[in-house]
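Asker: Under numbering that gives the first Met the number 0, residue 172 is the last one in the sequence shown; the count climbs by one each step, no gaps. Every residue gets a Cβ at the ideal spot worked out from N, C-alpha and C, and that includes glycine. Note that the coordinates shown come from a computational prediction; the quantities given were computed from them, not determined experimentally. The structure is given below, and queries will be raised subsequently.
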Amino acid sequence: MDDTELHRERILRHVSPIITGRFLGYQASYTREIRIGRPLALFVFVSAGIAQIIAALLRMRPVRRTLKELRKGPEFLVTPVRLRDDLGQTYEIEMHGQLPQSALHRGDLVQVRTQPQADHTLPVKLLQVVNLTTMQPLTPRIPTQWSHLGPALLLQAGLGVTILGAVLAAWLR
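Next up, the structure:
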């Protein structure tokens, strides 16, 4: 056995929604994709398609995206964060999104609010952190399904639903 195995730090999974400890630092970040459900993507795609047909007739340039692009969803940054509590136990928490680099410094006393993830093999997800050293509350921001779809496409989908509703109302009269 070598020395690194003798002194290997045990990383714990925390189950409580609140963890208080010292900020040890960020680990290597990576990206993860948010999948958009097939029913939502199909609804937006078809609704926007109706508006795109009308826009093509009026010689306007609609926003065009494939169903595959819509389903792919946005990517967000995942950064493992390590904390050490007063008992010396080390915890790893996943932070989705980003915080300003100057928000946390090694050794700062922090209190984090966490939530379990759908995949129980992953560490808990950081929802909010309060830097007790500076008394600054911080919330990481991640892209959502709605920001991925974009305002232009959502407006087209809304217009498509309105047009379809008007056509159906006229037809059923």
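Which runs of the beta strand (DSSP E) at least 3 residues long sit entirely within the stretch 30–104? Give them in chain order.
Answerer: DSSP runs (the beta strand (DSSP E)) wholly in the stretch 30–104: 74–83 and 89–95.
Asker: Taking all protein chains shown into account, decide if TYR29 is buried (16 or more other Cβ within 10 angstroms of its Cβ) or exposed.
Answerer: The residue is exposed, with fewer than 16 neighbouring Cβ atoms inside 10 Å.
Asker: Do you know how far the Cα of PHE22 is from the Cα of GLY106?
Answerer: Computed Cα separation, rounded: 5 Å.
Asker: Can you tell me whether GLN127 is buried or exposed? The criterion is at least 16 other CB atoms within 10 Å of its CB, across all chains shown.
Answerer: So GLN127 ends up on the exposed side.
Asker: Below 6 Å CB to CB, which residues in the same chain sit around VAL129 once its five sequence neighbours on both sides are set aside?
Answerer: Cβ neighbours of VAL129 beyond the five flanking positions: GLN110 and PRO136.
Asker: DSSP on PRO150, reduced to helix/strand/coil?
Answerer: Helix, per DSSP.
Asker: Counting beta carbon pairs with one atom in the stretch 81–88 and one in the stretch 27–44, are three or more of them shorter than 8 Å?
Answerer: The stretch 27–44 vs the stretch 81–88: no contact.
Asker: Alpha carbon to alpha carbon, how far is GLU68 from LEU148?
Answerer: In a straight line, the C-alpha of GLU68 is about 10 Å away from that of LEU148.
Asker: GLY20 bridges to which residues according to DSSP?
Answerer: Paired residue(s): VAL109.
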